[in-house]
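Enquirer: FYI, my numbering numbers position 66 of the sequence shown as 72, with every residue one higher than the one before it.
Below is a structure I'd like to ask you about.
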Amino acid sequence: MSLELRNVSAGYGTGAVLHDISLRVAPGEIVTLIGANGAGKSTLAKTISGLMTPMSGEILWDGVPIHALPTALRLQRGIAHVPEGRQLFAGMRVEENLALGASICDQGRPGAGVLEEALRLFPVLAERMADTAGNFSGGQQQMLAIARGLRASPRLLILDEPSLGLSPKLVAEIFALIRFLRDRGLSILLAEQNARAALAVADRGAVIENGRIVMEGPAAVLLHAPDIAERYLGVGVAATADSGEVTRMAARLRACVWGDAGVAG
Ligand SMILES: Nc1ncnc2c1ncn2[C@@H]1O[C@H](COP(=O)(O)OP(=O)(O)O)[C@@H](O)[C@H]1O
Ligand SMILES: [Mg+2]
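Written out as C-alpha cells, the structure reads:
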C-alpha cells in the first residue's frame, strides 16, 4: 500500500498552513518529514490520518482517494497516527492504554502479529503491563504510544516527533523500534525536528518550511547536504552531543536493528 499526497493544502479556519504538498510513501519505506517548530509537520500528520480535512488537493491510498474519509475509516484501511506528545492516559495501566487502540483492528492483516513481536524484542512494556503509564519515563511512554498504534495492525504508521524530550540512548531505542517495524513491512512517516537522528534511520526525507516542501531526496543525500546541515543538523538531541556520542548512538542503533541482542544498553 502506498500513500500519495497531491497538491494538498490545509489549515485551521480560513488560513492555509500547508501549501501544495506533494509527497509519496512507498510500501516498506521510512520517509522522514523534517522541519522546525511550527513548520507544519503535525498539521500534515493530522491531514493524512483524517483529523483534518484538506482545503484542496488529494490524498491517495493505494490509488484510492481517502481525503474525504473520517479517521476511523482510514485507520480501518491501515493508516495509524501516533500523535505528538504521546496522548496517553497517565492513570491507566499499559494494557488499558493498549486496549484503547484495539477496537477497529483487522487481525487478518500480515502486520497483525507485529505488536507481539515488538513486545518480545522491546520487553520493557511487557515487564510493566500492570504499571500505570504516568510512572513511565518519556521513552517508555513513547514505546507505549507506538504499541497502541500497532494494535490497529497498521500498514502505515505516522509518528509525530517520537524523539521529543528523550535522551540519546532512548532516541536510539525508539528509532531501532521504527527500523524493526519497517523491516516487518510497515511504511513509516516520521515527523521530526531531530533531523540528524531521523535522517540516520530513514530511507528518504522531505524538508518542510512554512508549510511547503522545500527539499526532498534520499536520506543519505540530505544528511550531507550543506544547507540542511546548516539549518537543521544543529537541532535536536543527537546534534548537540559530541561526535563521540553520535558514533556511540549509531553503534547502538546498528546493534539494535541488525544485531540479535535486542536493545543494547
Ligand atoms: N489548532 C490550531 N489552530 C490554529 N493554528 C494552528 C493550530 N495548530 C497549529 N497551528 C499553526 O499551524 C502552523 C503549523 O503548526 P504545526 O503543524 O503544529 O507545526 P509543527 O508540527 O511542524 O511544529 C503553526 O503556525 C501553528 O501556529
Ligand atoms: Mg508538531
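Backbone N, C-alpha and C define an ideal beta-carbon position, used for all residues, glycine too.
The structure displayed is predicted, hence computed values, not measured ones.
For leucine 172 and proline 89, I'd like the C-alpha separation in whole angstroms.
Expert: Cα to Cα, the separation comes out at about 16 Å.
Enquirer: Is the separation between the beta-carbon of alanine 86 and that of glycine 155 shorter than 8 Å?
Expert: Yes. Within cutoff.
Enquirer: Where leucine 94 and leucine 205 are concerned, what is the direct C-alpha to C-alpha distance, given to the nearest angstrom?
Expert: If you take the alpha carbons of leucine 94 and leucine 205, they lie about 27 Å apart.
Enquirer: If you draw a straight line from the alpha carbon of proline 168 to that of isoleucine 180, how long is it in whole angstroms?
Expert: Taking the straight line from one Cα to the other gives about 7 Å.
Enquirer: In the DSSP output, what is valine 177 paired with across the bridge?
Expert: Bridge partners of valine 177: none, in fact.
Enquirer: How is aspartate 26 classed by DSSP in three states: helix, strand or coil?
Expert: DSSP places aspartate 26 in strand when its eight states are reduced to three.
Enquirer: Given that a residue counts as buried once 16 or more other Cβ atoms are within 10 Å of its Cβ, and exposed if not, what is asparagine 141?
Expert: Result: exposed.
Enquirer: Go to methionine 221, then tell me how far its alpha helix (DSSP H) extends in each direction, as first and last residue.
Expert: Where methionine 221 is concerned, there is no enclosing alpha helix (DSSP H), although the beta strand (DSSP E) it sits in stretches over 218-224.
Enquirer: If we require 4 or more residues per run, which alpha helix (DSSP H) segments fall completely within the stretch 154-212?
Expert: Those alpha helix (DSSP H) runs which fall completely within the stretch 154-212 and span 4+ residues are 174-189 and 201-207.
Enquirer: Which residues does DSSP pair with proline 89 in a beta bridge?
Expert: DSSP, once it has assigned bridges, lists no residue as partnering proline 89.
Enquirer: Count the other CB atoms within 10 Å of the CB of tyrosine 238; is the residue buried (16 or more) or exposed (fewer)?
Expert: It is buried - the Cβ of tyrosine 238 has at least 16 other Cβ atoms within 10 Å.
Enquirer: Pick helix, strand or coil for arginine 83, following the three-state DSSP scheme.
Expert: Correct three-state label for arginine 83: coil.
Enquirer: Going by CA-CA distance only, name the one from Ala151, Thr49 and Ser159 that's closest to methionine 98.
Expert: Nearest C-alpha to methionine 98: Ala151.
Enquirer: Could you check the C-alpha separation between glutamate 102 and aspartate 189 for me, to the nearest Å?
Expert: Distance between the alpha carbons of glutamate 102 and aspartate 189 is about 28 Å.
Enquirer: Are threonine 49 and valine 23 touching if we call contact CB-CB under 8 Å?
Expert: Yes, the Cβ-Cβ distance between threonine 49 and valine 23 is below 8 Å.
Enquirer: On the three-state DSSP scale, how would you describe serine 62?
Expert: The answer is strand: DSSP assigns serine 62 an E or B state.
Enquirer: Is the closest heavy atom of ligand 2 to the C-beta of aspartate 166 under 7 Å?
Expert: Yes; taking the cut-off as 7 Å, the Cβ of aspartate 166 has a heavy atom of ligand 2 nearer than that.
Enquirer: Of the residues His230, Gly211, Pro60 and Trp67, which one's Cα is nearest the Cα of proline 33?
Expert: Closest by alpha carbon: Trp67.
Enquirer: Find the nearest neighbour of asparagine 13 within the set Thr59, Gly21, Glu64 and Ala153, judged by alpha-carbon distance.
Expert: Selected option, being the one with the closest Cα: Glu64.
Enquirer: Check whether chain C comes within 8 Å of alanine 182, counting only Cβ atoms and requiring the distance to be less than that.
Expert: Considering every chain present, this structure includes no chain C. It has just one protein chain.
Enquirer: Identify whether proline 301 lies in helix, strand or coil by the three-state DSSP scheme.
Expert: Here the chain comprises residues numbered 7 to 271, so residue 301 is not present and cannot be evaluated.
Enquirer: I need the straight-line Cα distance from alanine 74 to isoleucine 40, nearest angstrom please.
Expert: If I take the Cα positions, the gap works out to 26 Å.
Enquirer: So, with DSSP's three-state summary, where would you put glycine 21?
Expert: Glycine 21: strand per DSSP, three-state reduction.
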